[in-house]
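Heads up, the thing below is written out as structure tokens.
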Amino acid sequence: MCLKIISDRFRLQPKAQNVPRQFLPEVMARLPLDLDVCVTAPNVTDENYWKRCCLSKTQWKNIQIADHGLTWKQLFLEKHLQDLLEDFDPSLDDHDHLMAVVKASSEYIFTLEIDQLLSHLDLNEICAQLRNLTRLRVTYGVKQIGMKYERMLFGMKISDATNLSHIIKSSNSLTTLWLPSNLLDDDLLRMLMTGLVKNTSITSLDLSHNKLTNHGARLLSKLLGPESVITTLKLCDNQIHAEGGRYLSRGLKYNTSLVELDLRLNRLTDDGGRMLLEGLVEHTSLTNLNLSSNMLGKESAEALAEILSDSLTALRSLDLSSNALTESDGDVLLQGLQQNNTLVALDLRQNTQIPADTDCLVKIAQKIRQNEVNMKTPPSTEGGGNSS
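Using our numbering, the first residue of the sequence shown is number 323, and each one after it goes up by one.
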């Protein structure tokens, strides 16, 4: 009876220090799931309670505790804050209560992913409370809009970019920033850059599916110099042409941090591909390069062959699918692979001028497979065994 009373009055008297330890699990098991997070976040540590809260949210599909620090409490609080922000309506909802939830949850928010933000809330005000935030993904879109589509509902506004730039500039914990599908153009990027050029913690930057052009590439090249800490840069599905490839090449020439570069679905052309790849000669950290769907041809193939033949290259994965490569370009790549021991994945699909059964593709596949086997085989040690 006492345990039931404690559980029923937890909303008003959330402190449970005086409850004997052996009775705490039963008290937690009796707690209702609709308690305000402002009450439960600071006072409930029982993982079984938070697991019940998570599983009661039937609208949360395919939740993975591994993506949330392997704790149910972190999972619930991160997803709950996401829901509050995505559904927030300034004309109906209490802003003070929202900020109270942010403050109560702040210790447990490491990842914040937002798929819509119709309110265009000042995220700087939110993130200033989240001292442990390491990953931020924001898309100014609309979920399940159906037949109510309006162009003005989509995309980042200048005020949003300003707020984000303040977050980026002041954060020392943020390591991952993803801003895909925001209709982000060069002017908005220029505003974001005021924060990015002063940030020293972000290592992963995703600006995919936006409207960046050559000028945007020129701005981003400033993040790729010798002092750069960025390891992953994703720019797929933008409007970067040959000149943009030249700008990126300038930044990459002295870069020592980049591990993954994704430029698929742009418009580099063969000339732009060649200029980009000139910046990767002697680059010793890049392991994953995606240049799919960029109309690359002969000059790009020759530049890649030079990189692949260099003993200093770290490239392990290369995607050249859906380009304009020919069978002779395949032969050039094969020649560059002869002395290569690092590349274990090379995608040449949908290069329609290379017949599927051509000899160079067969030999390339064999070489790639051999590299993969060699990497998995531990080096032998001669005379390493001791006889007894």
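In this text, a Cβ means the ideal position worked out from N, Cα and C, and glycines have one as well. The structure presented is a predicted model; accordingly, all values stated were derived computationally and were not measured.
Item, Value
"Nonlocal neighbours in the same chain, by C-beta distance under 6 angstroms from residue 659, ignoring five residues either side", "630 and 689"
"Status (buried if at least 16 other CB within 10 Å, exposed otherwise) for residue 489", "buried"
"Spatial distance of residue 561 from residue 542 (CA atoms)", "14 angstroms"
"Ordered list of beta strand (DSSP E) runs contained in the stretch 495-573, each at least 3 residues", "498-500, 526-528 and 554-556"
"Contacts around residue 667, its chain only, beta-carbon distance under 6 angstroms, and the 5 residues preceding and following it disregarded", "639"
"Rounded C-alpha distance that separates residue 428 from residue 462", "23 angstroms"
"Same chain, Cβ closer than 7 angstroms to residue 477, five either side skipped, listed in chain order", "462, 504 and 505"
"Separation of residue 452 from residue 418, as counted between CA atoms", "16 angstroms"
"Contacts around residue 382, its chain only, beta-carbon distance under 8 angstroms, and the 5 residues preceding and following it disregarded", "376 and 401"
"Neighbourhood of residue 607 by C-beta, 7 angstroms cutoff - its chain only, sequence neighbours within 5 removed", "578, 579, 580, 581 and 636"
"Cβ-Cβ distance between residue 530 and residue 554 below 8 angstroms", "no"
"Between the CA atoms of residue 684 and residue 654 - distance to the nearest angstrom", "14 angstroms"
"Whole-angstrom distance between residue 444 and residue 692, CA atom to CA atom", "53 angstroms"
"Every unbroken beta strand (DSSP E) inside the stretch 594-632 [3 residues or more]", "610-612"
"Of the listed residues 467, 628 and 647, nearest to residue 661 (C-alpha basis)", "628"
"DSSP state of residue 371 mapped onto helix, strand, coil", "helix"
"Classification of residue 591 by the beta-carbon crowding that lies within 10 angstroms, buried from 16 upward", "buried"
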